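Enquirer: Read top to bottom, the protein sequences are chains A and B.
One point on numbering: in this note's numbering, the residue at position 20 of the first sequence is 913, and numbering is uninterrupted.
One point on numbering: in this note's numbering, the residue at position 596 of the second sequence is 672, and numbering is uninterrupted.
Beta carbons: idealized from backbone N, C-alpha and C, even for Gly.
Fair warning: this is a prediction, and the values are worked out from it, not measured in the lab.
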Amino acid sequence: MTALEPCRVFVVEDEFLVALQIEDDLIAAGYLVVGPFTSLSTSIKASRAERFDVATLDLNLRGEFVYPLVDELLERRVPLLLLTGYAVSDLPERFRSLPRLTKPFDGTELISRIKSLVPVA
Amino acid sequence: MCSAESLPKYVVGDLSALGSPDFRATLDALAVAVYTTDAEGFVTYCNPAAARLAGRQPELGQDRWCVSWKLRRPDGSPLPHDECPLAMALKGRQPIRGQELVAVRPDGSTALLLPHPTPIFDETGELTGAVNLLVDITDRKSAEQDSRYLAAIVESSDDAIVAKDLNGIITSWNKGAERLFGYAADEVQGKSITILMPPGYENEEPNILRRIRSGERIDHYQTTRRRKDGSLVNISLTVSPIRDVSGRIVGASKIARDITEQRRSGEALAARLREQAALHRLTERLHRAQEISEVYEAALDAIQGALGCHRASILLFENAAKMHFVAWRGLSSQYRDAVDGHSPWTCEERDPQPIFLEDIAQAEALTALRPIIEAEGIAALGFIPLVAEGRLIGKFMTYYDLPHAFTDNEIGVAMTIARQLGFSIQRMRADEARRLAEEQLRRNEASERARAAELMAIMEAVPASIWIARTPDCRVISGNRAAYELLRQAPDTNLSLSAPIGERPDDFRVFAIGNMLAPDELPVQRAARGEEVSNFEEEIRFEDGSSRHVFGNATPLRDAAGDVIGAVAASVDITERKQAEEALQESERRLQIALDAGRMGAWEWNIGTGEVIWSSGLEALHHLEPGTFGGTFADFKRDVHPDDLPLVELEIAKAVETRGDYHVVYRIRLADGKIRWMEAFGQFSPQGPAKAGKLAGVCMDITERKEAESQRNLLVAELSHRVKNTLAIVSSIARQSFSTNPDFHEAHRSFDARIRALAQTHTRLAEASWSGVSLETVLFDELAPYHDDSRNNVSLSGPRTMLPPKYALTLGMAAHELATNAAKHGALSVKTGSVGIEWSADRETDRLRIRWSESGGPPVLSPKRNGFGRLLLERVLASDLGGEVQLEFAPQGLVCTIDIPCPREASP
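1. CB-CB under 8 Å to P156(B), same chain, minus the five flanking residues each way: which ones, in chain order?
2. Along the chain, where does the alpha helix (DSSP H) containing V463(B) start, and where does it finish?
3. Count the CB pairs spanning the segment 958 to 973 of chain B and the segment 928 to 939 of chain B that are closer than 8 Å, and state whether there are at least three.
4. So if DSSP puts R927(B) in a beta bridge, which residue, or which two residues, is it bridged to?
5. Any beta-carbon of chain B closer than 9 Å to the one on L910(A)?
6. Does the distance from the CB of R286(B) to the CB of F257(B) come in under 9 Å?
7. Examine the Cβ distances between the segment 865 to 884 of chain B and the segment 819 to 830 of chain B and report whether three or more of them are shorter than 8 Å.
8. Cα separation between S983(B) and F958(A)?
9. Which residue spans inside the segment 263 to 324 of chain B form an unbroken alpha helix (DSSP H) run of at least 4?
10. In whole angstroms, what is the alpha-carbon distance linking D819(B) and A898(B)?
11. Quick check on the burial criterion: 16 or more other C-beta atoms within 10 angstroms. Buried or exposed for I744(B)?
12. Can you tell which of L468(B), E116(B), Y476(B) and L478(B) has its C-alpha closest to the C-alpha of R495(B)?
13. Could one say the Cβ of A804(B) lies closer than 9 Å to chain A's Cβ atoms, at least one of them?
14. Tell me the DSSP secondary structure of M894(A) in three-state form.
15. Could you give the residue range of the alpha helix (DSSP H) that holds Y1018(A)?
16. When DSSP labels each residue in this structure, what does Q133(B) get in the three-state scheme?
17. Any beta carbon from chain B within less than 9 Å of K938(A)'s own beta carbon?
18. Please report how far the alpha carbon of T896(B) lies from the alpha carbon of S905(B), in whole angstroms.
19. Tell whether a beta-carbon distance below 9 Å holds between G978(A) and H838(B).
20. Give a yes or no on contact between the segment 538 to 553 of chain B and the segment 562 to 581 of chain B, applying the rule of three or more CB pairs nearer than 8 Å.
21. Under three-state DSSP, which class holds L834(B)?
22. Which residues in chain A have a C-beta closer than 7 Å to the C-beta of D828(B)? List them in chain order.
23. Got a sec: which bits of the segment 939 to 951 of chain A sit with their beta carbon under 8 Å from any beta carbon on chain B, in order along the chain?
24. In three-state terms, what does DSSP make of D857(B)?
25. Between which two residues does the alpha helix (DSSP H) harbouring R788(B) extend?
26. For P929(A), which of E908(A), D946(A) and G923(A) has the nearest alpha-carbon?
27. Using three-state DSSP, classify D124(B) as helix, strand or coil.
28. What residues from the segment 860 to 886 of chain B come within 7 Å of chain A, judged by C-beta to C-beta, listed N to C?
29. Give me the chain A residues within the contact set of V952(B), using Cβ-Cβ distance strictly less than 7 Å, ordered along the chain.
30. Helix, strand or coil: how does DSSP classify Q759(B) here?
31. Identify each residue in the segment 889 to 917 of chain B for which the Cβ-Cβ distance to at least one residue of chain A is less than 9 Å, and report them in chain order.
32. Along chain B, which residues have their Cβ under 8 Å away from the Cβ of P997(A)?
33. Using 8 Å as the threshold, is the segment 458 to 475 of chain B in touch with the segment 385 to 393 of chain B, meaning 3 or more CB pairs across them?
34. Taking the beta carbon of Q352(B) as the centre, do at least 16 other beta carbons fall within 10 Å, making it buried, or is it exposed?
35. Is the beta carbon of A646(B) closer than 9 Å to that of A540(B)?
36. Near R585(B), what residues of its chain come up, given a Cβ to Cβ distance below 7 Å and the 5 sequence neighbours on each side ignored?
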């Protein structure tokens, strides 16, 4: 990532209105949004095809949990931010320590978390 | 003296002449004894001389044959009257002469007679009688005999009879003297008697002569004389004075008897007497002996006394192997040590015979021991076996300093002593054994008594009731204190229910398993018939309604022969235990009900043995047939889910270590692979310090609860997710509403309406527990505010289609935007306008098609800007539901076609 090339954020969110807000916030902050993707299968496919620096992942995609994608991204050492309404105790053990932002969230909060994950050089 | 033959025949023949007084007077005057008889032998006449001789006056015509009282032959044998010489003469019709006979007078004196019976015949030769003339030859006969007899006696006597004068000169020397002293009569007659005196006896003769001269007689004087050959002879001497007719002592007769043999046999007799006395003393002392040492002493005394040895010993087998000295006299310890153990016999010897070594120097045996024996100064030895009850038990020894010939008598005595000694040793041993046995018996009796006392004390002290019947019929049963107390009877009364009325207790009855027992069914009585009654349980019911439960055993009492002579029963009062048991059973029953109702099972793990017990309920929870659980901890672990096993083991270890409670929730895997959740509660209970204790508790199947819990957790999570999602949506709606509309009031109103619409769909979903809402309801809810029934301005038609929450919310929002638009700008903004909504599901393409068409409204204008409503319609539907939305601003009214995948019935 360079100054000329904006930071690319991979967005997975099945709720269009929420995705819309995330998109707005990220774009306003100068990020490039990849997505948003609304189902597990499309988002996994896209994550393999697209180039991105960080990912925001909604946990529940129309009843399907996003965990397989989380595992894959963790393996690829892609920084990620979980966006969810679930309490931490509802998460599988291994994901409880991951960066997480509870819905509903404030746009500035989202941006600061993304920034902390992908520090600008 | 005259003889009958000399009598003139005629005189004799004329018997009738006797009737003549002159003739008769003549006969009467004769000093010669005469009597006459008739032909029959009856005495017809007896002159006084004959009567004097007979010592009696015969009865004429009555006495027959003879005038004497009794007759004997010269040899002393009786002579019957009818065999007397006169009788023979009459019978033989001729005179008898020369037959002497003895007439016995009535006073007992006798006369030796020589009768001269002569038969008398008349002229015709007829026997008319007899005349007997008796000549008394008594005096003549004895004088004759005396001298003849004396001479014969003297000559034939074995004793030496010697006569000597007062000077000691031998005057007579009989054959006996010749035999005794060896001198012939003519060698010594006229010589001094002193030739017989051995040296040292010279003074004897003057002494004897002095005593004879004084008229003394010397009787059985024992002395010694010398024979002609010089040998000495022991004699017994009787010396008597010889007197002449005038009574003057003229010499001495001397009778000497050889008493050498007599003395020898006297000595032998004395020896016999000594032996007998020794044996007698032995017998007595053995009889009185109390100690074995007394037996030995008595035996040694007897051996010494009877066998004339001053050394003796007794040896006995010890352990049937070796003979050892047990008593001895006159033996050195060196000797004893050297010969100890030597024996001519082994203990196996049957019928051992005594061994006598008369001269050690000549003995062939004992070569090895000879120097030792000789050094001890022993020249002769006797080994006499001691036998008791047919077994050789030892020997006694006699030792002689000089070679010694063992006589048969000595051997016999030795054997007698050996018999007595053997018998006594055996008797002492038997006595000792008996004393030991008696002592043992006394000790046994004492301990038996002590034990009996102990038993009695125990019997009284034990908290168990004991009944005893001492006869098989059990008419009398006694008991210990506890038995009387249990049955509430006075001590020492009869406890038998078989006792006669009045004697037997009548204030209780005995029951077993609810049935009253007859007396002969009672355990004691059954045992008294020989039965072992184990673990009986009975209830004793008293008149006052109370009862006691007892538990016990009854066993027969048998005598030594094994016959039953009674019975004893012991029981403990289990009333409290019984009640506790019943209470426990009740509580267990309740627990079981609780366990069954709660799908619970009970378990118990004995930590020490590893044994695990499961109730059938727990087996059921594990889908096992009753009784098929393996019973070990491993069997339990096998069912536990591997992921949960470490936790279970950790909790168990903790409970055991802390001896505390156990509580764990885990999964088990059933045989069919199904997973069930179990929750176990337990408690550690120690079983004494030595044992590992046990863990026991219950287990319940909490799968349903667990599922409900997880369902609830899911719901809570889902709720949280939805609420927060919704809030995120609301937040997004707010931003869109306010950022796209510059008119704040207008924006506010729109935002309120949108939130209300969202809330309305939520309400619908909540009413249906979020299972879903029908499409018709969602659409109608949004159109309802504008619906005018009188004008029928809203029409809905389509198959009943249930929408999942996501569909409902998204379509709800879309419907809200369409309805709001229609009310503001479209068909519902005027009274003439109407909205028709139709929908249908295309099964082939699996699409749901909804067509919103407005009519009768104001002319349709294309929108000036892409507002939030349109954004929602086009993008949300496309994005959230994968739908296609077409907006057609037709002149007669807006037409919106929504094409979305058919919703699944399943919840999202």
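Expert: A quick look at the data gives this:
1. The answer, listed in chain order, is L147.
2. Here V463(B) belongs to no alpha helix (DSSP H); instead the beta strand (DSSP E) covers A456 to A464.
3. Flag = yes, the segment 958 to 973 of chain B and the segment 928 to 939 of chain B touch.
4. DSSP lists E914(B) and T973(B) as partners of R927(B).
5. Chain B contact via Cβ: present.
6. Contact annotation: R286(B) and F257(B) have beta-carbon atoms that are not nearer than 9 Å.
7. No: fewer than three Cβ pairs fall under 8 Å.
8. For S983(B), the predicted structure reports a pLDDT of 41, less than 50, and the residue's modelled location is therefore unreliable. The matter cannot be settled from this model.
9. With a minimum length of 4 residues, the continuous alpha helix (DSSP H) runs that stay inside the segment 263 to 324 of chain B are 280 to 289.
10. So the two alpha carbons sit approximately 20 Å from each other.
11. Result: buried.
12. For the residues L468(B), E116(B), Y476(B) and L478(B), the minimum Cα distance to R495(B) belongs to L468(B).
13. Closer than 9 Å to some Cβ of chain A, the Cβ of A804(B) qualifies, so yes.
14. Low confidence applies here, because M894(A) scores a pLDDT of 48, under 50, leaving its location unreliable and the question unanswered by this model.
15. The requested residue 1018(A) is not part of the displayed model; chain A covers only 894 to 1014.
16. Q133(B): coil per DSSP, three-state reduction.
17. With a threshold of 9 Å between beta carbons, K938(A) makes no contact with chain B.
18. Answer to the nearest angstrom: the Cα atoms are 9 Å apart.
19. Contact flag unset, no.
20. With the cut-off at 8 Å, the segment 538 to 553 of chain B and the segment 562 to 581 of chain B touch.
21. L834(B) falls in the helix class under three-state DSSP.
22. Per Cβ cutoff of 7 Å: no residues; D828(B) is ~17 Å from chain A at best.
23. Answer set for the segment 939 to 951 of chain A: empty.
24. The three-state secondary structure of D857(B), taken from DSSP, is helix.
25. Segment T779 to T816, the alpha helix (DSSP H) holding R788(B).
26. If we check each option's Cα against that of P929(A), E908(A) comes out closest.
27. Note that residue 124(B) is Pro in the sequence shown, not Asp. Assignment of P124(B) by DSSP, reduced to helix, strand and coil, places it in the helix class.
28. Correct list: K882.
29. Taking a Cβ-Cβ threshold of 7 Å, the residues of chain A close to V952(B) are F909 and L910, in chain order.
30. Q759(B) carries a strand assignment under DSSP once its states are collapsed to helix, strand and coil.
31. For the segment 889 to 917 of chain B, which is checked against every Cβ of chain A, the residues closer than 9 Å are M889.
32. Within chain B, the residues near P997(A) are K800, L803, A804, V806 and S807.
33. Contact holds between the segment 458 to 475 of chain B and the segment 385 to 393 of chain B, because three or more Cβ pairs, one in each stretch, are under 8 Å apart.
34. Q352(B) is exposed by the Cβ-count criterion.
35. Yes; because the gap between Cβ atoms is below 9 Å, this pair is in contact.
36. If the five residues before and after R585(B) are omitted, its C-beta is found closer than 7 Å to the C-beta atoms of M592 and R617, all from its own chain and listed in chain order.
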